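Sequences listed follow chains V and A, in order. Here the working numbering is used: the first residue of the first sequence is 627, the next is one more, and so on. Here the working numbering is used: the first residue of the second sequence is 627, the next is one more, and so on. Where a beta carbon is used, it is the ideal one built from N, C-alpha and C, also for glycine. From a predicted model like this one, the values you see are computed outputs, not experimental measurements. Worksheet: one structure, shown below.
2 protein chains.
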Amino acid sequence: MQRIAFLLRLKPGTGEDYDKSHAAVWPEMLALLKGAGISEYSIFRRDELLFLYMHIAQDFDTVWDKIEADPVNTRWQQAMSAYFVPVQETRTGERFPFMQEVFHLS
Amino acid sequence: MQRIAFLLRLKPGTGEDYDKSHAAVWPEMLALLKGAGISEYSIFRRDELLFLYMHIAQDFDTVWDKIEADPVNTRWQQAMSAYFVPVQETRTGERFPFMQEVFHLS
Numbered sequence: 627m628q629r630i631a632f633l634l635r636l637k638p639g640t641g642e643d644y645d646k647s648h649a650a651v652w653p654e655m656l657a658l659l660k661g662a663g664i665s666e667y668s669i670f671r672r673d674e675l676l677f678l679y680m681h682i683a684q685d686f687d688t689v690w691d692k693i694e695a696d697p698v699n700t701r702w703q704q705a706m707s708a709y710f711v712p713v714q715e716t717r718t719g720e721r722f723p724f725m726q727e728v729f730h731l732s
Numbered sequence: 627m628q629r630i631a632f633l634l635r636l637k638p639g640t641g642e643d644y645d646k647s648h649a650a651v652w653p654e655m656l657a658l659l660k661g662a663g664i665s666e667y668s669i670f671r672r673d674e675l676l677f678l679y680m681h682i683a684q685d686f687d688t689v690w691d692k693i694e695a696d697p698v699n700t701r702w703q704q705a706m707s708a709y710f711v712p713v714q715e716t717r718t719g720e721r722f723p724f725m726q727e728v729f730h731l732s
């Protein structure tokens, strides 16, 4: 098990609608995430900044490739695309703006 | 059990020293955190942005009051004060810039 964290940014003013969507994530999307090896997945928001935290059962690319190959995810991302700024703050070669875990106390 | 998350900002250029300090947190500081009811505590960093995630056994103020009343914490915060910007982005009445959990998948 690995703990993963990354950041995303919303378009200004979309926070509340984003929250509403995430209070009612489609059951088939939840099943896809679970089936791909994700657990203890929380999304935290402050204004336009999102912090995503999750446990993954395999390496991140294996998990995320599985999710992105599924048409349920394609539909979900289309529904969510209204909320996200077009360019996130990734560095060259990064899939998301990952954060490094620098401390852990179990 | 409650999941808590908040943000902190470091002074520019202090990230690597911050990481080193947090790879060697004093055993008495770890014991204080544990004893106050904190578990699954991770700190993630990207550049100067820190994201703190933890599980707490009681309400946040009860847990944090216990920590702040202990001289071990006073010494630890003195040692860490070199890294933090003097004013964090709290709103009126906030102890830290908390993030709201808007989604959770166990």
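Residue i burial status per 10 Å Cβ neighbour count (16 or more: buried)
i, result
"ALA650(A)", "exposed"
"VAL689(A)", "buried"
"ALA683(A)", "exposed"
"MET627(V)", "exposed"
"ALA662(A)", "buried"
"GLY641(A)", "buried"
"TRP780(A)", "Outside the modelled stretch of chain A, which goes from 627 to 732, sits residue 780(A), for which no answer is possible."
"ARG717(A)", "exposed"
"ASP671(A)", "With the sequence shown as reference, residue 671(A) is identified as Arg, and Asp is not the correct amino acid for it. So ARG671(A) counts as buried."
Listed by chain order, chain V residues near residue i by CB distance under 8 Å
i, result
"ARG672(A)", "LEU633, PRO723, PHE724, MET725, GLN726"
"ILE733(A)", "Residue 733(A) falls outside the range modelled here, since chain A spans only 627 to 732, and no answer is possible."
Backbone secondary structure at residue i - three-state DSSP
i, result
"PHE722(A)", "coil"
"ARG701(A)", "helix"
"GLU666(A)", "strand"
"GLU727(V)", "strand"
"GLU717(A)", "Checking the sequence shown, residue 717(A) turns out to be Arg, not Glu. Three-state DSSP puts ARG717(A) in coil, outside helix and strand."
"ALA683(V)", "coil"
Contact set between residue i and chain A, taken where Cβ atoms lie within less than 8 Å
i, result
"LEU659(V)", "LEU731"
Residue range of the alpha helix (DSSP H) that includes residue i
i, result
"ALA708(V)", "That residue, ALA708(V), is in no alpha helix (DSSP H); it is neither H nor E in DSSP."
"GLU674(A)", "First-last for GLU674(A): undefined, no H or E at that position."
"SER647(A)", "641-648"
"THR688(V)", "686-694"
Where the beta strand (DSSP E) containing residue i begins and where it ends
i, result
"MET655(V)", "Where MET655(V) is concerned, there is no enclosing beta strand (DSSP E), although the alpha helix (DSSP H) it sits in stretches over 653-662."
"LEU633(A)", "628-635"
Closer than 9 Å at the beta carbon, the chain A residues around residue i
i, result
"ILE664(V)", "LEU731"
Neighbour list for residue i in chain V, Cβ cutoff strictly below 7 Å
i, result
"PHE677(A)", "ALA631, PHE677, MET725"
Residue i CB to nearest heavy atom of the ligand ATP below 7 Å
i, result
"THR716(A)", "This structure lacks the ligand ATP; in fact it carries no ligand of any kind."
- Using a Cβ cut-off of 8 Å, which residues of the region 703-723 of chain V contact any Cβ in chain A, in chain order? Correct list: PRO723.
- Between the region 633-654 of chain V and chain A, which residues of the former have CB atoms less than 8 Å from a CB of the latter, in chain order? From the region 633-654 of chain V, only LEU633, TYR644, ASP645, HIS648, ALA649, VAL651 have a Cβ closer than 8 Å to chain A.
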